[in-house]
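This report concerns only the one structure given below.
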Amino acid sequence: MARVDEVRLMTKVARLYHERGVNQSTIAAQLDLSQATVSRLLKRARQEQIVRTIVSVPPGAFPDTEEALLRKFGLKDAIVVDCQNDPDSIQREVGAAAAYYLETTLKQDEVIGISSWSAMLLAMVDAMHPLSRKTGAQVVQILGGVGNPSVELHANRLTSRLANLVHGSVISLPAPGVVGSAESMRVLMEDPYVRQAVSLFEQTTLALVGIGSVAPSKMLA
């Protein structure tokens, strides 16, 4: 247990530092202490619980649920989003959260793989702001089309829009997402543009994929 006079000094130093924002060197000069002593007193103040750190969780943030997901599934990060129980709200809110996450975590020279069959990824791209820096990213379409020309065009535009937003280059995959035989796949792989896209699959550093059904939709005709 600290002595009363030491507790008094710890309290004074802690209030100056934590409540008034005075830096340690200024506190040392003001109280005729060494900076090392000020640092030690601040550490002791935490140990004696004179100073306690409390994080006030605002509405719409769910850190306990996110941490539970990390532990259960061995994830590096997780984001839980508050939204209304309807498809449009879910897509809008999750898309906005994904956009912010990508904007704030994208590293230099990433190889970004994007599955263009996802309405959620479309919502993400719709919510993104153009980055203020050139990333050197390569945006690769990692899933081919579904046969409908309008859907194929939509998928290519989604890949191109993401590349423009991150100031990167785009590599499209001019091939169907599903073929009927191994021979069909072999023929497709003779196309140099298909080979270029496929060659980047194993180099992908960030994969953007949607999780959902394959029921008919505006992204899956």
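Here the numbering used here runs 231 ahead of the position in the sequence shown, where the first position is 1. No residue lacks a Cβ here, since even glycine has one placed at the ideal position from N, Cα and C.
- So what does DSSP say about I343, is it helix, strand or coil? Residue numbering aside, residue 343 sits at position 112 when the sequence shown is read from its first letter. It is a strand residue.
- Message: Buried or exposed for Y248, going by 16 or more other Cβ atoms inside 10 Å?
- Response: Locating residue 248 in the sequence shown gives position 17, counting from the first residue. Classification of Y248: buried, given that the 10 Å Cβ count is 16 or more.
- Query: In chain order, what residues of the same chain lie with their CB nearer than 8 angstroms to the CB of Q255, ignoring the 5 residues before and after it?
  - Reply: The residue given as residue 255 occupies position 24 in the sequence shown. Within its own chain, the residues whose Cβ lies closer than 8 angstroms to the Cβ of Q255, once the five positions on either side in sequence are excluded, are Y248, Q266, V269, S270, L273, listed in chain order.
- Specify the secondary structure class of P290 as computed by DSSP and reduced to three states. For the purposes of this step, residue 290 is taken as the residue at position 59 of the sequence shown. P290 falls in the coil class under three-state DSSP.
- Specify, as a first and last residue, the run of the alpha helix (DSSP H) that L352 falls within. Walking along the sequence shown from the start, residue 352 turns up at place 121. 350 to 358 is the span of the alpha helix (DSSP H), which, as asked, contains L352.
- Query: Which first and last residues belong to the alpha helix (DSSP H) in which L273 is found?
  - Reply: In the sequence shown, counting from the first residue as 1, residue 273 sits at position 42. First-last of the alpha helix (DSSP H) with L273: 266 to 278.
- Using alpha carbons as the reference points, say which of A394, V286, V244 lies closest to R364. Here residue 364 refers to the residue found at position 133 when the sequence shown is read from its first residue. With distances taken between Cα atoms, R364 lies closest to A394.
- Give every residue of the same chain whose Cβ lies closer than 8 angstroms to the Cβ of G441, excluding the five residues on either side of it in the sequence, and list them in chain order. If you number the sequence shown from 1, residue 441 lands on position 210. Cβ neighbours of G441 beyond the five flanking positions: S346, W348, S349, A350, M351, L352.
- Task: Report all residues from its chain with a CB closer than 6 angstroms to the CB of A329; omit the five preceding and five following residues, and keep chain order.
- Result: As a working mapping, residue 329 is identified with position 98 in the sequence shown. M355, listed in sequence order.
- Task: Return the bridge partner residues of T401 from the DSSP annotation.
- Result: In the sequence shown, counting from the first residue as 1, residue 401 sits at position 170. The displayed chain sequence assigns Val, not Thr, to residue 401. Bridge partners of V401: V370.
- Helix, strand or coil: which one does DSSP assign to A309? In the sequence shown, residue 309 corresponds to position 78, counting from 1. Of the three classes helix, strand and coil, the one that applies to A309 here is coil, per DSSP.
- How big is the Cα-Cα spacing for I373 and D308? Translated into the one-based positions of the sequence shown, residue 373 becomes position 142. Translated into the one-based positions of the sequence shown, residue 308 becomes position 77. Whole-angstrom Cα-Cα distance: 23 angstroms.
- Task: Report the residue from Q339, A245, T390, T435 whose alpha carbon sits nearest the alpha carbon of E279.
- Result: The residue you call residue 279 lines up with position 48 of the sequence shown. Ranking Q339, A245, T390, T435 by Cα distance to E279 puts A245 first.
- Message: With distance defined between alpha-carbon atoms, name the residue in R277, L240, E250 nearest to A259.
- Response: Locating residue 259 in the sequence shown gives position 28, where the first residue counts as 1. Closest option to A259, Cα to Cα, is L240.
- Query: Distance, Cα to Cα, A452 vs I285?
  - Reply: Locating residue 452 in the sequence shown gives position 221, counting from the first residue. Locating residue 285 in the sequence shown gives position 54, counting from the first residue. Because A452 sits at a pLDDT of 45, beneath the cut-off of 50, its placement in the model cannot be relied upon, and the point is left open.
- Which residues in the same chain as Q434 place their Cβ atom closer than 6 angstroms to its Cβ, once the five residues preceding and following it in sequence are excluded? The residue labelled residue 434 in the question sits at position 203 within the sequence shown. Correct list, in chain order: V342.
- Query: Does DSSP put P219 in a helix, a strand or coil?
  - Reply: Because the chain spans 232 through 452 in this model, residue 219 falls outside it and cannot be assessed.
- Item | C-alpha distance - A438 paired with T390, whole-angstrom precision | Here residue 438 corresponds to residue number 207 of the sequence shown, with the count starting at 1. Here residue 390 corresponds to residue number 159 of the sequence shown, with the count starting at 1. Each residue's alpha carbon lies about 13 angstroms from the other.
- Message: Rounding to the nearest angstrom, what Cα-Cα distance links A299 and G305 in this structure?
- Response: Reading the sequence shown from its first residue, position 68 is the one you call residue 299. Reading the sequence shown from its first residue, position 74 is the one you call residue 305. Computed Cα separation, rounded: 10 angstroms.
- Task: Classify S320 as buried or exposed, calling it buried when 16 or more other Cβ atoms lie within 10 Å of its own Cβ.
- Result: Counted from its first residue, the sequence shown places residue 320 at position 89. Under this definition S320 is an exposed residue.
- Message: Measuring straight from C-alpha to C-alpha, what distance separates P423 and G367?
- Response: Residue 423 sits at position 192 when you count from the first residue of the sequence shown. Residue 367 sits at position 136 when you count from the first residue of the sequence shown. P423 and G367: Cα-Cα distance of roughly 23 angstroms.
- Message: As a quick exercise: from L262, P289, K243, Q322, pick the residue whose alpha carbon is nearest that of R275.
- Response: The residue given as residue 275 occupies position 44 in the sequence shown. With distances taken between Cα atoms, R275 lies closest to K243.
- Between the beta-carbon of L337 and the beta-carbon of P361, is there less than 8 angstroms? Your numbering for residue 337 matches position 106 in the sequence shown. Your numbering for residue 361 matches position 130 in the sequence shown. The answer is no: Cβ separation not under 8 angstroms.
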